[in-house]
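Student:
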Amino acid sequence: MAPEHDQQTGLIVRRRALAGAISVSLVLTVIAMLAVALTAENALFVFSLALLILVAPFITLLYGLGPGLLSAALVALFSAYYFSTPGQLLHYSDEALRLVITLSMLSLILTVMIGALRRAVQAGERKLRHQLTFSQAITGSMGEGLYALDQEGNLTFLNPAAERLLGWRDSDLLGKSVHDIIHCRDADGTRLPTQDCPLLSALHSGTAYRNDDDVFVCSDGALLPVDYTSAPIVTDGRVSGAVLAFGDITERKHAGEALWESEERLRSILDNSPAVIFLKDADGRYVLVNRRFEELFHVTREQAVGRTDLDIFPLEIAEDLRANDLKVLETGAPIAMEEVVPQDDGPHTYISIKFPLFSSKGMPKAVCGISTDITGRKHAEEQRTVLLAEVERALAVRNQFLSIASHELKTPVTLLRGYSQILNRHAQQKNDTVALRPLQVIDRQIERMTRLIDDLLDVSRIESGTIEFQVAPFDLVAALSEVAGEVGVFSPGFVLRLQDQAADLWVLGDRQRIQQVMTNLMTNAIKYASERREADVRVDQNGDQAVVSVTDYGIGIPQDQQAQVFDRYFRGENASANNYGGLGMGLYISRYIISHHHGNISVVSEEGKGSTFTFALPLTDRPTAD
Ligand code: ADP
Numbered sequence: 038m039a040p041e042h043d044q045q046t047g048l049i050v051r052r053r054a055l056a057g058a059i060s061v062s063l064v065l066t067v068i069a070m071l072a073v074a075l076t077a078e079n080a081l082f083v084f085s086l087a088l089l090i091l092v093a094p095f096i097t098l099l100y101g102l103g104p105g106l107l108s109a110a111l112v113a114l115f116s117a118y119y120f121s122t123p124g125q126l127l128h129y130s131d132e133a134l135r136l137v138i139t140l141s142m143l144s145l146i147l148t149v150m151i152g153a154l155r156r157a158v159q160a161g162e163r164k165l166r167h168q169l170t171f172s173q174a175i176t177g178s179m180g181e182g183l184y185a186l187d188q189e190g191n192l193t194f195l196n197p198a199a200e201r202l203l204g205w206r207d208s209d210l211l212g213k214s215v216h217d218i219i220h221c222r223d224a225d226g227t228r229l230p231t232q233d234c235p236l237l238s239a240l241h242s243g244t245a246y247r248n249d250d251d252v253f254v255c256s257d258g259a260l261l262p263v264d265y266t267s268a269p270i271v272t273d274g275r276v277s278g279a280v281l282a283f284g285d286i287t288e289r290k291h292a293g294e295a296l297w298e299s300e301e302r303l304r305s306i307l308d309n310s311p312a313v314i315f316l317k318d319a320d321g322r323y324v325l326v327n328r329r330f331e332e333l334f335h336v337t338r339e340q341a342v343g344r345t346d347l348d349i350f351p352l353e354i355a356e357d358l359r360a361n362d363l364k365v366l367e368t369g370a371p372i373a374m375e376e377v378v379p380q381d382d383g384p385h386t387y388i389s390i391k392f393p394l395f396s397s398k399g400m401p402k403a404v405c406g407i408s409t410d411i412t413g414r415k416h417a418e419e420q421r422t423v424l425l426a427e428v429e430r431a432l433a434v435r436n437q438f439l440s441i442a443s444h445e446l447k448t449p450v451t452l453l454r455g456y457s458q459i460l461n462r463h464a465q466q467k468n469d470t471v472a473l474r475p476l477q478v479i480d481r482q483i484e485r486m487t488r489l490i491d492d493l494l495d496v497s498r499i500e501s502g503t504i505e506f507q508v509a510p511f512d513l514v515a516a517l518s519e520v521a522g523e524v525g526v527f528s529p530g531f532v533l534r535l536q537d538q539a540a541d542l543w544v545l546g547d548r549q550r551i552q553q554v555m556t557n558l559m560t561n562a563i564k565y566a567s568e569r570r571e572a573d574v575r576v577d578q579n580g581d582q583a584v585v586s587v588t589d590y591g592i593g594i595p596q597d598q599q600a601q602v603f604d605r606y607f608r609g610e611n612a613s614a615n616n617y618g619g620l621g622m623g624l625y626i627s628r629y630i631i632s633h634h635h636g637n638i639s640v641v642s643e644e645g646k647g648s649t650f651t652f653a654l655p656l657t658d659r660p661t662a663d
């Protein structure tokens, strides 16, 4: 790596400088000694002594101050020995003594100097090595890519992350132009001329440069989205290069795009909603409003943001709106309420759902509202209420009329019935066959009218809830055979078969009302009969229920109308079309009576083939003799 390389080179240079300085001083010392030796009396001895004295500085240079000082001491002892021992080459003299002392001092000074110098160089080396390891660890462990350029824009260093991100190897790019290889394209892939490269111009001007959205070219030609910061390397006041740290922003870009897309989606949902949607902060200032809000209250979203309701709505309404917002903020729960807001065409009623948005600490920090205009619905509801009241009034009037009319009709019909019975008896006694026949017809019609009036009265009683029931246990089998007998008597030529039922079946209820139901079903069977003038009446026990059924083989009921057959005033199409008389009240009254007795009534029918009407009632215990 280039900076390491530089640092190693620095170390070597320092070492060489030290060695050079020492060599020069040693050579100078040797020359000085030579000069001293040549002028001395015993030149050879002095020279060898001088050389001996130089041993200590050399040893210091090679092995450090300790061994150097030791060798200096040994050399001094050795010299002293030769100097003080008689018979040695050097004869003792003041001059020789001075020489030895001078050279020893010189050796000592040199040794100490070299020792200190050596220590300083070693400390410097250690520091440099530490820095080197430190910067290697930093650049090597960085997730960001890092490269360095020289002043010409050529690459001098590429860290492992940069190698990994770009796919280039340090050795591929060293000394090559970074712009030509890595930084020569725009985000859309077009080539960027060298003179337009902002990075290079920043390098030349010596200014730091930052770019949040750029691309670098990878070794495989792909473009890597990056952001980077470059800083000039200034040496001795001169820009000698630049360092550039870059990061892969692919994910950030994707996340940014995804965020933009989701915001866009949300915005279009908000803007296309027919409801008014807004967001206010805890102080009631609008943070966001949708298009509907803008349209209705003539304020753009830019104008709305930062404003409060007081700036947009009349005081009283603004205070109401704020009170609702505060309720949401205080309770921290969503609430729904009606709010009235003025618009161009007058006040509009909104149903507003307001809910809080929470801070990361769980505190309500904003209120979001979705308000739907229900003015139209409210008008419709009011109209509906008025109409319903009118309908109810009309129904009440009709029921009252029905009740009065049927009561009014009942009196003369009862009177007519009485007189016709008297006349009938009289004609029978006189055997007046001419009068008997029309009197029988009158009697039947009076009977029919009486039934109609009774039905009308019952319907009006059901409607007004005044129908009464005399409840007591009774035997359904006996009640049924009684009705079958009576109906049979009045229908000559019609075969009404009652299936034998030996056991009695007791139910709790109004015997007369239940017989009214039976009569209605049997008279219908006779009324809606076709050529086959017969019907079957059955009574059975089914579990804890007594079941009565009347089956005829008449006109039947169209499939699609069977569900309405128990509705008030319902008349089957085939019944009306064939002029069968009736007002559609009998089955309606029958269903009411049966339901009142906790039973149920139903029909199975096929048009043209006949019908079976069935009702079931809960059984009760037979009363004891007491
Ligand atoms: P009404 O017979 O007086 O019209 P109901 O309430 O008794 O009134 O009957 C309602 C309608 O049901 C009749 O008009 C007729 O269309 C149909 N309906 C009732 N019983 C029968 C039946 N046994 N066969 C065919 N249609 C029937």
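Counting the sequence shown from 1 gives a position; the working numbering is that position plus 37.
Every residue gets a Cβ at the ideal spot worked out from N, C-alpha and C, and that includes glycine.
Could you give the residue range of the alpha helix (DSSP H) that holds G522?
Tutor: Unbroken alpha helix (DSSP H) run through G522: L513 to V526.
Student: To the nearest angstrom, report how far apart N557 and E419 are at their CA atoms.
Tutor: Whole-angstrom Cα-Cα distance: 42 Å.
Student: CB of Y606 to nearest heavy atom of the ligand ADP: below 6 Å?
Tutor: No - the ligand ADP has no heavy atom lying nearer than 6 Å to the Cβ of Y606.
Student: Going by C-alpha distance, which of Q553, E189 and L195 is nearest G180?
Tutor: Closest option to G180, Cα to Cα, is L195.
Student: Determine whether the beta carbon atoms of S408 and V313 lie at a separation below 7 Å.
Tutor: Closer than 7 Å, so yes.
Student: Let me check understanding here. Comparing Cα to Cα, which of T244, R289, C221 and S277 lies closest to L260?
Tutor: Comparing Cα positions, the closest option is C221.
Student: What residue range is occupied by the uninterrupted beta strand (DSSP E) comprising A370?
Tutor: Run containing A370: none; DSSP gives neither H nor E here.
Student: Can you find the residues in the same chain that come closer than 7 Å, C-beta to C-beta, to V263, ignoring five residues on each side of it along the sequence?
Tutor: So the list reads D251, V252, F253, F283, G284, D285 and I286, once near-sequence residues are dropped.
Student: Quick check on S172: does DSSP put it in helix, strand or coil?
Tutor: Looking at S172 - three-state DSSP - the assignment turns out to be helix.
Student: By the three-class DSSP mapping on this structure, what secondary structure does G383 have?
Tutor: In the structure shown, G383 sits in a strand (DSSP, three-state: E or B).
Student: Does the separation of the CB atoms of G105 and G161 fall below 7 Å?
Tutor: No, the pair does not count as a contact, with Cβ atoms beyond the cut-off.
Student: Counting Cβ pairs closer than 8 Å, one from the region 508-527 and one from the region 538-548, do we hit at least three?
Tutor: With a cut-off of 8 Å, the region 538-548 and the region 508-527 count as touching, because enough Cβ pairs lie within range.
Student: Mind checking whether the beta-carbon of L565 lies closer than 6 Å to any heavy atom of the ligand ADP?
Tutor: Checking the sequence, you will find Tyr at residue 565 rather than Leu. Flag set: Cβ of Y565 near the ligand ADP.
Student: Taking all protein chains shown into account, decide if M622 is buried (16 or more other Cβ within 10 angstroms of its Cβ) or exposed.
Tutor: When all chains shown are included, M622 counts as buried.
Student: Please state if the CB of H216 and the CB of L192 are separated by a distance shorter than 7 Å.
Tutor: For L192 and H216, no; Cβs fall outside 7 Å.
Student: Could you tell me which of Q437, T170, I594 and T412 sits nearest to A566, measuring between CA atoms?
Tutor: It is I594.
Student: Closer than 6 Å to a non-hydrogen atom of the ligand ADP - does that hold for the CB of D469?
Tutor: No, the Cβ of D469 stays beyond 6 Å of every heavy atom of the ligand ADP.
Student: Answer yes if the region 271-280 comes into contact with the region 290-309, meaning at least three C-beta pairs across the two stretches below 8 Å, and no otherwise.
Tutor: The region 290-309 is not in contact with the region 271-280.
Student: Tell me which residues share the same chain as L453 and place their Cβ nearer than 6 Å to its Cβ, disregarding the 5 neighbours each side in the sequence.
Tutor: I483.
Student: Considering only heavy atoms of the ligand ADP, does any lie closer than 6 Å to the CB of D589?
Tutor: Correct: D589 has its Cβ closer than 6 Å to the ligand ADP.
Student: Determine the closest residue to Y629 out of S648, V602 and K646, with distance taken between C-alpha atoms.
Tutor: Closest by alpha carbon: V602.
Student: Please return the same chain residues whose Cβ sits closer than 8 Å to the Cβ of N461, not counting the five positions on each side in sequence.
Tutor: Taken in chain order, the residues that qualify are L473, L476, Q477 and D480.
Student: Take V324 and list the residues in its own chain whose beta-carbon comes closer than 7 Å to its own, dropping the five residues that flank it on each side.
Tutor: Once the five neighbours on either side are set aside, the close Cβ partners of V324 are L316, K317, D318, V342 and A403.
Student: With respect to 6 Å, is the separation between the Cβ of V554 and the closest non-hydrogen atom of the ligand ADP below this value?
Tutor: Not so, every heavy atom of the ligand ADP lies at least 6 Å from the Cβ.
Student: Give a yes or no on whether the C-beta atoms belonging to D589 and A572 are separated by under 7 Å.
Tutor: Contact: yes.
Student: In chain order, which beta strand (DSSP E) runs of at least 3 residues are fully inside the region 270-342?
Tutor: You should have 275-285, 313-318 and 323-326.
Student: If distances are taken between C-alpha atoms only, which option among K415, P384, T412 and T368 comes closest to F392?
Tutor: With distances taken between Cα atoms, F392 lies closest to T368.
Student: Measuring only from the beta carbon, is I638 closer than 6 Å to any heavy atom that is part of the ligand ADP?
Tutor: Result no, Cβ not under 6 Å from the ligand ADP.
Student: Measuring alpha carbon to alpha carbon, tell me which of Q599, F506, L542 and S627 ends up nearest P655.
Tutor: Of the candidates Q599, F506, L542 and S627, the one whose C-alpha sits nearest the C-alpha of P655 is L542.
Student: Give every residue of the same chain whose Cβ lies closer than 6 Å to the Cβ of L102, excluding the five residues on either side of it in the sequence, and list them in chain order.
Tutor: Contacts found: G152.
Student: With respect to the beta strand (DSSP E) encompassing V215, which residues constitute its N-terminal and C-terminal limits?
Tutor: Per DSSP, V215 belongs to no beta strand (DSSP E); it is in the alpha helix (DSSP H), V215 to I218.
Student: Over what stretch of residues does the beta strand (DSSP E) that includes N579 continue unbroken?
Tutor: First-last of the beta strand (DSSP E) with N579: E571 to N579.
Student: Over the uninterrupted alpha helix (DSSP H) stretch that includes I479, give me the two end residues.
Tutor: Here the alpha helix (DSSP H) through I479 covers T470 to S501.
Student: Any heavy atom of the ligand ADP closer than 6 Å to the beta-carbon of A614?
Tutor: Because no heavy atom of the ligand ADP lies under 6 Å away, the Cβ of A614 does not count as near it: no.
Student: For a test of the three-state rule: what should DSSP assign to V252, helix, strand or coil?
Tutor: Three-state result, V252: strand.
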